[in-house]
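Take 1 as the starting number for the sequence shown in the UniProt record's numbering and just add one per residue.
Using N, Cα and C, we set each Cβ at its ideal position, and we do this for glycine too.
Below is one structure, written out as structure tokens; the observations come after it.
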Amino acid sequence: MEIELHTPRTDELDAAVAALRSWQSDDAPLQLHPGDLGWFWQLGAEKTAASVRTWTRDGEIAAVGFLDGPDVLRVTTAPDLMHDEALARRMAADLDDPERGVLPAGKVNAEIPTGAALNESLAETGWDTDEAWTPLRRDLSGPVEDSGLRIEVAGPEDAELRAALQRSAFEGSTFSVERWQAMAEGPAYADARCLIGFDEDGVAVAMVTVWSAGPGRPGLVEPMGVHADHRGRGHGKAICVAAAAALQELGSSSAMVATPSSLVSAVATYRAAGFVPLPERFDRHRAA
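Okay, here's the thing in structure tokens:
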């Protein structure tokens, strides 16, 4: 069986998004989600295509990788190939060789689903474990409580407010109306919603974007943030509850999120909103 590495064209991105949608399952560990590509789409289709790598086997997509920065690859495989040693060895060779155009020389990281054969293949080539992440999941089979905030779904007319909340919540963010528009035009956003939370005085205090992978599959929370002037009042928990409710309305089976384990307050916020921590996941790291 022939395995080939590709950098897709913009008109081939829909296939990668569709593959990621179909691979999402509550029985699988947290993995690369179509929402991850959807959020990156704010930079446009061409930059998104340049950041994606696909591995095909006999013409079918077997794995999808996403360069979340020049030296960080987030990658997953089709569920039935998660433990395929031949595919894992080929992917490890591609990740470890800068000339193959996946990762550059020097220090790099790879985010891989827990238990995937690629973890062991990279370990055999000298890659060590690195940053710890805490995945969290909220089951959506039961009712979701009221968040306590007034929630509005952001449309084009709310893009400036949504962007301003993003910039306030994340220091150094350059999110803009133009980026929101580019993200909203991407195929992954067809199953997404941007929510804005307002307090009892009508002030916009928090935002979140949620990404469905289709009915009966896990949805993703990415990103979530609270305005810098309104922290410490429970708005983070509230907007996370609103995110769970929105994903439930979209038909998601669960709401998933991952945050660095070092961000203790973020883990606590998600837990307060009913998200249950799963076993920690560790990046793979090549030191040089």
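Proximity below 9 Å, CB of residue i to CB of residue j
i: Gln24; j: Arg217; result: yes
i: Asp68; j: Glu222; result: no
i: Leu73; j: Glu46; result: no
i: Asp199; j: Arg167; result: no
i: Ile3; j: Trp55; result: yes
i: Leu30; j: Arg137; result: yes
i: His83; j: Ala123; result: no
i: Pro8; j: Ala63; result: no
i: Leu247; j: Leu140; result: yes
i: Ala88; j: Met1; result: no
i: Thr125; j: Asp158; result: no
i: Leu250; j: Pro215; result: yes
i: Glu120; j: His285; result: no
i: Phe170; j: Gly225; result: yes
i: His227; j: Val241; result: no
i: Glu152; j: Val177; result: no
i: Pro143; j: Gln181; result: no
i: Asp26; j: Ser253; result: yes
i: Ala154; j: Met207; result: yes
i: Gly44; j: Trp211; result: no
i: Pro187; j: Val75; result: no
Buried/exposed call for residue i, threshold 16 Cβ in 10 Å
i: Ser147; result: buried
i: Val52; result: buried
i: Pro34; result: buried
i: Asp80; result: exposed
i: residue 302; result: In this structure the chain extends from 1 to 288, so residue 302 is not present and cannot be described.
i: Lys237; result: buried
i: Thr259; result: buried
i: Asp191; result: buried
i: His6; result: exposed
i: Asp201; result: exposed
i: Leu263; result: exposed
i: Asp283; result: buried
Three-state secondary structure assigned by DSSP to residue i
i: Met82; result: coil
i: His230; result: helix
i: Ile239; result: helix
i: Met224; result: strand
i: Gly106; result: coil
i: Ala154; result: coil
i: Ser254; result: strand
i: Phe40; result: helix
8 Å contact criterion, which residue i and residue j should meet: CB distance rounded
i: Val267; j: Thr129; result: Rounded, the Cβ-Cβ distance is 19 Å, inconsistent with contact.
i: Pro279; j: Thr77; result: Not really, about 19 Å apart at Cβ, beyond 8 Å.
i: Phe175; j: Ala163; result: 5 Å
i: Ala244; j: Gly274; result: 7 Å
9 Å Cβ cutoff, residue i in contact with chain B
i: Val208; result: Note that chain B does not occur in the displayed structure, where there is just one protein chain.
* Asked: Would you say the region 90-110 touches the region 224-240, given that touching needs at least three Cβ pairs under 8 Å?
  -> Inter-segment contact for the region 90-110 and the region 224-240 is absent: fewer than three beta-carbon pairs are separated by less than 8 Å.
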